[in-house]
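Residue numbers (our numbering): 53 to 371. Where a beta carbon is used, it is the ideal one built from N, C-alpha and C, also for glycine. None of these values were measured; they are calculated from a predicted model.
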């Protein structure tokens, strides 16, 4: 097997991904399918490659690359680059929907062409995000949302899988808000087993998506008043944010931490976490969010949050 063939097998999980990429490149260059395939293969066979009904032989790359006006090596490099850009755009689309950022939602929807999404997980992630947007916009009901996203991961059969993809983990965590208590317990067990796996790799976009799942677990255990697990997952979420140099849900993690420490009567830890929550809120500089958190904190801890910060700084002037 040649070096190019080995590389081909490494970067393409199934030949349909490369076929879809070639189809995208063909369309962007304004070449008809008939012009693209003539004297190479039949148009009918080309359609089989796109649909995944038949694997595309590696040797056809030379001919298709020439038809596109690029060298095969450059075509493969472009395939790599396209895959990264595709993942980046879809992750950002999801983050925008999750954060209700309308301008960003419109931007990413305008630059993503669903029919030319190459990676199957990315394609499912795009559909999931669109379902989430429709649900938040009240275009579909909670039951329709649950049905649609369950189909994406073949839930509840997914619970029997020994290995899960990051996409399946995200969907399962989202379903926590839409299933009965007994199903919640099964999902939480599956998710906690996933995060307890010592072989789990934390890198790249996974840091962003796993952070969302960890937040949902921390919230779930908080509702159940399982303070040890709240502390465990909040600390994991904080650690991930530091690694990714981000602030995703960081104010919530410190808020949940302070509540759990407060319930356990660990006063010094509760006060320190609450102060760090204030620091994150101050950095984000959102008066609306600060007001909301101040209302929650005043009620949950029976304190005046502003006065608490003043008193805390007086006791620890070196901070």
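Compute the beta-carbon to beta-carbon distance between residue i and residue j, rounded to the nearest angstrom, for a pair I have assumed lies under 8 Å.
{"i": "residue 73", "j": "residue 134", "result": "6 Å"}
{"i": "residue 117", "j": "residue 92", "result": "So it is not a contact: roughly 11 Å between Cβ atoms."}
{"i": "residue 221", "j": "residue 265", "result": "6 Å"}
{"i": "residue 285", "j": "residue 270", "result": "4 Å"}
{"i": "residue 314", "j": "residue 360", "result": "The Cβ separation is near 12 Å, so there is no contact."}
Based on Cα-Cα distance, which residue from the options lies nearest to residue i?
{"i": "residue 174", "options": "122, 231, 69, 77", "result": "69"}
{"i": "residue 364", "options": "335, 331, 348", "result": "331"}
{"i": "residue 122", "options": "108, 148, 81, 158", "result": "81"}
{"i": "residue 187", "options": "206, 285, 150", "result": "150"}
{"i": "residue 251", "options": "238, 227, 216", "result": "216"}
{"i": "residue 358", "options": "230, 342, 201", "result": "342"}
{"i": "residue 367", "options": "320, 129, 351, 347", "result": "320"}
{"i": "residue 129", "options": "113, 348, 362, 200", "result": "113"}
{"i": "residue 276", "options": "203, 237, 83", "result": "237"}
{"i": "residue 111", "options": "99, 124, 103", "result": "124"}
{"i": "residue 75", "options": "99, 263, 242", "result": "99"}
{"i": "residue 263", "options": "302, 245, 231", "result": "302"}
{"i": "residue 119", "options": "131, 141, 88, 142", "result": "88"}
Would residue i and residue j be called neighbours here (beta carbons separated by less than 7 Å)?
{"i": "residue 160", "j": "residue 178", "result": "no"}
{"i": "residue 310", "j": "residue 333", "result": "no"}
{"i": "residue 107", "j": "residue 67", "result": "yes"}
{"i": "residue 224", "j": "residue 239", "result": "yes"}
{"i": "residue 219", "j": "residue 200", "result": "no"}
{"i": "residue 170", "j": "residue 138", "result": "yes"}
{"i": "residue 211", "j": "residue 242", "result": "yes"}
Should residue i go down as buried or exposed, given a rule of 16 or more other Cβ atoms within 10 Å for buried?
{"i": "residue 163", "result": "exposed"}
{"i": "residue 317", "result": "exposed"}
{"i": "residue 273", "result": "buried"}
{"i": "residue 308", "result": "buried"}
{"i": "residue 306", "result": "buried"}
{"i": "residue 155", "result": "exposed"}
{"i": "residue 312", "result": "buried"}
{"i": "residue 126", "result": "exposed"}
{"i": "residue 268", "result": "buried"}
{"i": "residue 71", "result": "buried"}
{"i": "residue 340", "result": "exposed"}
Taking 7 Å as the threshold (beta carbon to beta carbon), is residue i in contact with chain B?
{"i": "residue 224", "result": "In the displayed structure, chain B is absent; only one protein chain is listed."}
**Q.** Complete runs of the alpha helix (DSSP H) confined to the segment 326-361 [at least 4 residues]
**A.** 339-353
**Q.** 4-residue-minimum alpha helix (DSSP H) runs that sit fully inside the segment 218-292, ordered along the chain
**A.** 218-227, 233-247, 258-275
**Q.** Whole alpha helix (DSSP H) elements within the segment 156-220, 4-residue minimum
**A.** 172-188, 194-205
(Q) Extract the residue ranges of the alpha helix (DSSP H) inside the segment 99-133, only unbroken runs of 4 or more that lie entirely within it. (A) 112-120
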